[in-house]
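Scroll down for the structure; my scribbles are underneath it.
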Amino acid sequence: MPAVAEILIPLALDTAYSYAVPPGLTLAEGDVVQVPLGPRETVGVVWGLDERASGGNLRPVTGRIEVPPLSEPLRKLVDWLARYTLAPKGSALAMALRLPDEGAQRENPRIGVRASGRPPARQTAARGKVLAVASDGAVRGKSALAKEAGVSVGVVDGLIDDGALETVALVPEPVALPPNPDHPRVPLSDAQRDAAHDLIAAPSPASAPAEAGGTILLEGVTGSGKTEVYFEAVAECVREGRQALVLMPEIALTAQFLDRFAGRFGVRPATWHSGIGGKRRERIRAGVASGDVSVVVGARSALFLPFNRLGLIVVDEEHESAYKQEDGVHYHARDMAVVRGRLEGCPVVLASATPSIESRVNAQSGRYRHVSLPGRFGGRPLPDIKAIDMRLDKPERGRFLSPPMVNAVKATLEAGEQALLFLNRRGYAPLTLCRACGHRYQCRNCSTWLVEHRFRRALVCHQCGYAERKPEACTECGAFDHLTPCGPGVERIAEEAAELFPDKRIVVLSSDFPGGAERLRQELETVAAGECDIVIGTQLVAKGHNFPHLTLVGVLDADIGLTTGDPRAAERTFQLLQQVTGRAGRGERPGRALVQTYQPDHPVIAALLSGDAERFYEEEIAAREAAGLPPFGRLAALIVSAEEREKAEAHGQALARAADPPPGVMVLGPAEAPLALVRGRWRFRLLVKTERGIDVQSYLRDWLARGPKPRGNLKVAIDVDPQSF
Ligand code: ADP
Ligand code: ZN
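If you read the sequence shown in the UniProt record's numbering, its first letter stands for residue 1, the second for the next number, and so on.
Structure below.
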């Protein structure tokens with residue numbers, strides 16, 4: 001009597017489906033199988049098995065697929081992810097089951113041949129040619145040998161059958177060489193050694209009391225040597241024969257990091273991100289599952305790899321908003337890393353110079369252990385940070401660099417050092433206005449202004465990518481010479497810098513850099529090598545990079561991020577400004593930073609200037625607590641979107657009428673989302689704010705179950721713990 005298997009299918013389905021297990025097929029939970037679904041065959045994972053049930057009238061499982069099964073902790077992570085984010089369980093499974101692209105070929109084991117020394121039973125001219133080539137004893141592929149001898153592959157096959165050639169399996173190149181934890185390396189400072197010791201001594205959650213947990217916040221200013229410290233924990237993990245995962249926010253730009261890893265461990269680690277192709281992806285998955293790959297450095301999706309003996313997770317730059325996935329399953333990779341660590345019984349290290357408020361609060365309350373590094377490595381001073389009050393030190397008309405900024409750049413260049421001008425705005429100008437009729441150029445799909453990109457000679461929407469040629473005359477009133485760029489982007493700053501310093505080498509670094517990621521990487525290397533005088537960049541240059549010749553950082557508009565209505569605006573701005581000013585003086589010479597601002601007394605700017613991060617954290621944590629904002633209360637957002645504005649708004653209102661919030665829950669809205677129109681869809685938002693102890697997921701589930709159901713092109717997206725609003 002066939003048993004029944006519950007198969008979870010990686011589609012937007014909430015539950016597993018029942019199938020019969022055909023006789024002769026032995027299945028275990030976690031196995032990847034092929035099953036019929038409607039008229040098609042699809043892939044699924046065994047989520048449950050009932051040996052005693054009768055699958056008599058159920059459709060049978062087609063068969064097992066030879067890919068690594070999903071371990072129990074990984075299956076629990078999928079369950080957890082679905083429950084927490086309210087995503088369909090099948091969608092959560094899809095994250096853990098990134099199979100090779102359809103059409104990507106499975107790799108066949110490669111076979112090589114060489115002469116065996118036995119003479120063939122029958123000799124021909126063609127056979128003679130093959131044996132002459134093979135007489136050197138080298139191993140060649142069959143077709144390579146045939147080609148070299150100028151004969152068909154059939155001749156080679158005949159010699160194999162005859163025993164004159166023998167076959168050898170070619171060992172495929174490993175996907176990553178094993179890192180050597182005891183590779184010769186720089187000695188650690190005392191502070192680093194202590195911190196590394198603290199990390200390694202981390203009690204695993206299994207042995208620790210429930211409250212202590214296995215999560216550690218590793219905090220230290222930029223340049224304090226955190227990377228070297230967590231490398232020790234990685235080394236220890238490898239020594240114990242376990243696997244380590246290092247998560248990075250922007251994997252495409254970490255060439256420097258991979259070199260450092262190679263410096264510490266002798267080889268580069270396996271890397272994982274969405275750009276990795278089907279075949280390689282499958283090999284890494286297989287290597288991770290078998291344990292052959294011991295360290296993976298990856299973007300957030302690496303969290304769902306089938307590690308079989310995970311011993312450590314590091315989340316570098318844990319405060320980064322890039323860890324939050326904002327489409328599909330809305331999850332935060334830092335939080336999921338903590339969950340996976342708990343399920344695997346392994347420690348999780350969150351590293352940052354500017355931790356998130358959430359992690360800081362968890363460290364203070366004792367839920368996370370707190371390990372700190374004092375000051376910069378080698379006693380290098382932190383940059384001296386000063387404000388330029390833009391109300392007093394005005395730039396010339398049509399300019400954006402104030403006189404003190406210009407002087408500082410000049411002095412830096414005269415000393416043979418490098419300057420970075422930071423402005424978090426891509427393109428030439430964020431707004432184009434017709435001075436004759438007042439028309440402003442707006443995206444046709446989104447509620448955004450079009451940004452002029454002079455290099456591309458286009459007006460571009462940064463939301464949806466829509467672009468149009470910049471017109472000669474106003475498209476509204478026809479006036480010539482009246483289209484005026486308003487405000488600066490990095491391209492405009494570059495133009496100003498080129499006029500001020502005509503014989504200096506200037507480079508603009510933003511995600512618009514022509515030539516793609518590889519060219520950008522090369523350019524970052526030339527900057528690091530000092531082959532450039534002035535760098536003008538967006539947040540792309542704020543993080544992670546080490547520019548040893550850089551001694552001046554000029555922040556051109558420190559106030560940009562402070563004026564949004566977002567409750568995380570202060571935290572974000574503080575983190576970004578700390579990071580970017582921290583780029584200065586990481587080499588031999590000390591650095592300084594100048595910050596142009598209209599609000600030098602704003603708490604964020606004041607904390608930055610005083611170098612008193614502690615004060616910022618205290619004030620911000622107190623403010624969040626008073627307002628009941630995360631992590632002292634909980635937030636979730638429902639985004640209703642549709643092609644017609646009225647439809648989205650009406651559905652939002654109908655949802656609000658069905659909200660029926662219990663005590664401790666507040667439902668706000670619907671209100672137009674901050675970006676009301678994106679890619680042709682109107683968006684309205686409902687915000688749920690609850691007290692800390694409330695189970696926001698079960699409230700949302702009940703609410704959506706009794707509320708109106710979306711129809712047609714209308715969609716409702718759920719975002720638990722939204723990062724911006
Ligand atoms: P963080 O990750 O805290 O920003 P890093 O680990 O990048 O700091 O270290 C900052 C700089 O100091 C890097 O250039 C690094 O090579 C150097 N450094 C860190 N630790 C050591 C050490 N023990 N010996 C020599 N150089 C070190
Ligand atoms: Zn647009």
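For each residue, glycine too, the CB sits at the ideal point set by N, CA and C. Predicted model, so just to flag it, every value in this text is computed and none were measured.
Q.
Nearer than 8 Å: is that true of the beta carbon of G465 relative to any heavy atom of ligand 2?
A. Here the distance from the Cβ of G465 to the nearest heavy atom of ligand 2 is below 8 Å.
Q. How big is the Cα-Cα spacing for I200 and E219?
A. 15 Å
Q) Taking Cβ to Cβ, would you say Q578 is nearer than 9 Å to A363? A) no
Q.
I'd like to confirm something about V221: is its beta-carbon nearer than 8 Å to some heavy atom of ligand 1, or not?
A. yes
(Q) Would you say the beta carbon of T227 is closer than 8 Å to some non-hydrogen atom of ligand 1? (A) yes
Q. Could you give the uninterrupted runs of the beta strand (DSSP E) lying entirely in the region 156-180, keeping only those of 3 residues or more?
A. 165-169
Q: Tell me, to the nearest whole angstrom, how far the beta carbon of Q599 is from that of S402; I am working on the premise that it is less than 8 Å.
A: Between S402 and Q599 the Cβ distance is about 15 Å, and since that is not below 8 Å, they are no contact.
**Q.** CA-to-CA distance, N424 to R645, given in whole angstroms
**A.** 31 Å
Q: To the nearest angstrom, report how far apart V4 and A53 are at their CA atoms.
A: 6 Å
**Q.** Distance cut-off 8 Å: V186 Cβ against heavy atoms of ligand 1
**A.** yes
Q | Endpoints, the alpha helix (DSSP H) within which E358 is located | A | I357 to Q364
Q: Give the DSSP-derived three-state secondary structure of P404 in the structure shown.
A: helix
Q. Buried or exposed: which applies to A627, given that a residue is buried once 16 or more other Cβ atoms fall within 10 Å of its Cβ?
A. exposed
Q) Should the region 252-265 be regarded as contacting the region 226-235, the criterion being three or more beta carbon pairs within less than 8 Å? A) Because the criterion of three Cβ pairs below 8 Å is met, the region 252-265 and the region 226-235 touch.
Q. Closest by CA to G591, which one among R624, Q418 and L635?
A. Q418
Q. Got a sec? Which residues, its chain only, sit under 6 Å from A593 by beta carbon, not counting five neighbours each side?
A. P383, I385, V553, T581 and A584
(Q) Looking at I536: is its Cβ nearer than 9 Å to the Cβ of L420? (A) yes
(Q) So if DSSP puts V665 in a beta bridge, which residue, or which two residues, is it bridged to? (A) T690
Q. Going straight from the alpha carbon of Q105 to that of C346, what length do you get?
A. At Q105 the pLDDT is 37, less than 50, meaning the model places this residue with poor confidence; the figure from the coordinates comes in the next sentence. So the alpha carbons of these two residues sit roughly 35 Å apart.
Q: Would you mind reading off the limits of the alpha helix (DSSP H) that contains K89?
A: K89 to A96
(Q) Any heavy atom of ligand 2 closer than 8 Å to the beta-carbon of T432? (A) no
(Q) With H, G and I counted as helix, E and B as strand and the rest as coil, what does DSSP make of L392? (A) coil
Q) With distances taken between CB atoms, is the gap from P181 to V246 smaller than 9 Å? A) no
Q) Can you find a heavy atom of ligand 2 that lies under 8 Å from the Cβ of R679? A) yes
Q. When DSSP labels each residue in this structure, what does R679 get in the three-state scheme?
A. coil
Q: Kindly confirm or deny that the region 288-306 and the region 557-577 touch, where touching means at least three C-beta pairs closer than 8 Å.
A: no
Q: Report all residues from its chain with a CB closer than 6 Å to the CB of V314; omit the five preceding and five following residues, and keep chain order.
A: Non-local C-beta neighbours of V314 in its own chain, meaning closer than 6 Å and more than five positions away in sequence, comprise Y230, V246 and V349, ordered along the chain.
Q: State the DSSP-derived secondary structure class of L382, mapped to helix, strand or coil.
A: coil
Q) Looking at C-alpha atoms only, which residue of G298, V221, M390 and H332 is the closest neighbour of P381? A) V221
Q) Can you give, in chain order, each stretch of the alpha helix (DSSP H) that sits fully within the region 486-553 and has at least 4 residues? A) Annotation note: the region 486-553 contains the following uninterrupted alpha helix (DSSP H) runs of length 4 or greater, listed N- to C-terminal: 490-500 and 516-528.
Q.
Do S724 and R568 count as a contact pair if the criterion is CB distance below 9 Å?
A. Contact: yes.
Q. If you draw a straight line from the C-alpha of A233 to the C-alpha of K76, how long is it?
A. In a straight line, the C-alpha of A233 is about 26 Å away from that of K76.
Q | Proximity to V45 [Cα-Cα], best of L27, G24 and I7 | A | Answer by Cα proximity: I7.
Q. What are the complete beta strand (DSSP E) segments, minimum 3 residues, inside the region 615-667?
A. Qualifying beta strand (DSSP E) stretches, in chain order: 633-642.
Q.
Between which two residues does the beta strand (DSSP E) holding F422 run?
A. Q418 to F422
(Q) Please report the distance separating the alpha-carbon of G379 from that of L687. (A) 47 Å
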